[in-house]
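Numbering of the sequence shown is given in our numbering, commencing with residue 0 and proceeding in unit increments.
Think of the CB as a built atom: it goes at the ideal place given N, C-alpha and C, for glycine as much as any other residue.
Working notes for the structure below.
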Amino acid sequence: MDRLQQSPGERPEQDDRIRVLNPRARVPLSFIIDDSTCLVNLNRFAVPQFNTAHGATHSAQAWRDWPHEVPDDFVRKFGEWSGENGVKGKYSIVPYPACVGRVDRVLPGWTEKQLHDSLEIVRTLMVPNWDIHPEMVTHTWVIDTKTGQPYPEQSLRYQENWEWTDGKSVDELAEYMAYGLTILKNVGLHCDGLTTPGGFGTRVLPELAQATLQSVRDVHGAEIPHYFRHARSSGDESVAPRVEYAEGLETDDPRCVVSIIGCTSDWTGGWDCSSRGHVNRFITPDLASGRMVDVIERGEPAVMVCHWTGIYFNGEEVGFNVFREAVRRVHARYDSLIWMKNDDIARYWAARELTATSSTDGVRAFRAPYACPDFTVQIDATSDVPPTLTHANAQTTLELVADRLALRAGTYVREGGRVIACFDLPKGSSSLVA
């Protein structure tokens, strides 16, 4: 275990003659959006609650002047632009935003129809390209799950963002997580993962990971639960996903949880709109440097991080403009990227690390606890015979393509004495002959 304390769990034997590459031999990109929800402009209601918890009698932030709402017209504008540009990622729906109201019941200040329409935009426009996460329950005061009301003590000890998780057990955390996950299930939003607000869980990281595994499986039946807790915005430390607490890999009920790691800070506008953004930190105008370049060049998933409140920026859309320019620049420099939702990244890394592999007389065997689309491997192969994938007595011959950029499931490319094959990895046993 490293400094993050979580256990990797079981690992299978893997043959070093079978090298698992990124999906379709491309570098994954993803965009994590925190603090989003239906209608409520979260920071407008959160700031005074944060001030109370800190014992502050005043705030330099002009939160009273901020709008109460992030309108659905903006959600639609953002979602449509993202779809047109292939952008995918994670979009939070805070279930009980800043204690204003529950999205499965009522939001005081908005009509029932307005809440219904807002949820429908998420289901129809956002869900195809975005994972939906609860960001715990309120993102502010801790809820007593027995009463559904905030605890009476208004201090940092009862803020989700600060001290409440200190010393909590796996079961205590999982019970609280399940409360928020259930609210989203009640409105037809499926969750394969969750996001931690602020400092939630920072001093109970092993318990946090295991509670995520327990609660997301129990409430939503997720096969590979994942969570967003960590971001590393500089340095050489890996930002690849962490596959944790793997067990039962040889059974019909394998288990693991995946930590998705962001590679940037919020350089779009900040949760409290305190910055006009720093697009050059993502990638510079000459496309030569920046954090995205650093991470993409080393082949790790480049997961950008932002806050929805800064993307909207009280109606100025400052963060949205920063993000659009960052995407334009990244696309201008690279043609070998693949946008993925967080759950797709989690699935790929779970398959990558937990699939047993072996190679004997030209037969590459796989024993996969999880199925995985676009699984891509590099092997030594000098024969001109096309690779053939065998699973459950069915055979599929892969199609030769001109180069890596043309790879998709069911194809392969030759590079000297090597073959790069891309196929949909089935759960269980399969083999590739090349």
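- Counting along the chain, no beta strand (DSSP E) covers Q113; the unbroken alpha helix (DSSP H) around it starts and ends at 111 to 120.
- At the C-beta level, A367 and G314 stay beyond 8 Å of one another.
- Taking C-alpha positions only, F312 is separated from R323 by approximately 14 Å.
- H53 sits exposed, since fewer than 16 C-beta atoms from the chains shown fall within 10 Å of its C-beta.
- Counting along the chain, the unbroken alpha helix (DSSP H) around A349 starts and ends at 341 to 353.
- Annotated three-state conformation of E174 is helix, per DSSP.
- Looking at I120, F49, A24, V376, the one whose alpha-carbon comes closest to that of L38 is I120.
- Classified as buried, Q5 has 16 or more neighbouring CB atoms from the shown chains inside 10 Å of its CB.
- Shortest Cα-Cα distance from S154 to any of R216, A55, T211, D373 involves A55.
- Non-local C-beta neighbours of G85 in its own chain, meaning closer than 7 Å and more than five positions away in sequence, comprise W338, ordered along the chain.
- Burial check for R202: the Cβ neighbour count within 10 Å stays below 16, so the residue is exposed.
- If you ignore the 5 residues before and after E134, its C-beta comes within less than 6 Å of the C-beta of S91, V93, T194, P196, all in its own chain and listed in chain order.
- Beta-bridge partners of W129 (DSSP): G88.
- When DSSP states are grouped into helix, strand and coil, W80 belongs to the helix group.
- The alpha helix (DSSP H) runs of length 4 or more contained entirely in the region 299 to 345 are, from start to end of the chain, 307 to 311, 317 to 332.
- For A364, the three-state secondary structure derived from DSSP is strand.
- A straight line joining the alpha-carbon of A230 with that of E9 spans about 25 Å.
- Close CB contacts of N160 within its chain, under the 6 Å cut and outside five residues either way in sequence, are with P196, G197, G198 (chain order).
- In this structure A420 is buried. Its beta-carbon is surrounded by 16 or more other beta-carbon atoms within 10 angstroms.
- For P22, the secondary structure class from DSSP, reduced to helix, strand or coil, is helix.
- The alpha-carbon separation between A393 and T387 amounts to approximately 10 Å.
- In the displayed model, A380 falls within coil according to three-state DSSP, outside both helix and strand.
- R241 sits close to S258, with the two beta carbons spaced by under 8 Å.
- Taking the C-beta atoms as reference points, H306 is found no nearer than 8 Å to G361.
- The Cβ atoms of I17 and I378 sit closer than 8 Å to each other.
- Contact between V302 and C262 holds, with the beta-carbon distance rounding to 5 Å and staying under 8 Å.
- Sixteen is the threshold: since fewer than 16 other Cβ atoms of the shown chains lie within 10 Å of the Cβ of L404, the residue is exposed.
- By the 16-neighbour rule on beta-carbons within 10 angstroms, D71 is buried.
- The beta carbon of C371 sits closer than 7 Å to those of R346, Y347, A350, L424, all from its chain and outside the five residues before and after it, given in chain order.
- In the DSSP assignment, I295 falls within the alpha helix (DSSP H) that extends over 290 to 296.
- Taking 8 Å as the cut-off, the Cβ atoms of T51 and P96 do not count as close.
- Annotation for R122: G187, L188 place their beta carbon closer than 8 Å to its own, counting only its chain and skipping 5 residues before and after.
- Beta-bridge annotation (DSSP): I17 is not paired with any residue.
- If you draw a 10 Å sphere on the C-beta of R25, you find 16 or more other C-beta atoms in it, and that means buried.
- Within the DSSP secondary-structure output, G261 pairs in a beta bridge with A230.
- A distance below 7 Å between beta-carbons, with the five flanking residues on each side excluded, links S214 to the following residues of its chain, in chain order: A173, M176, A177, L180.
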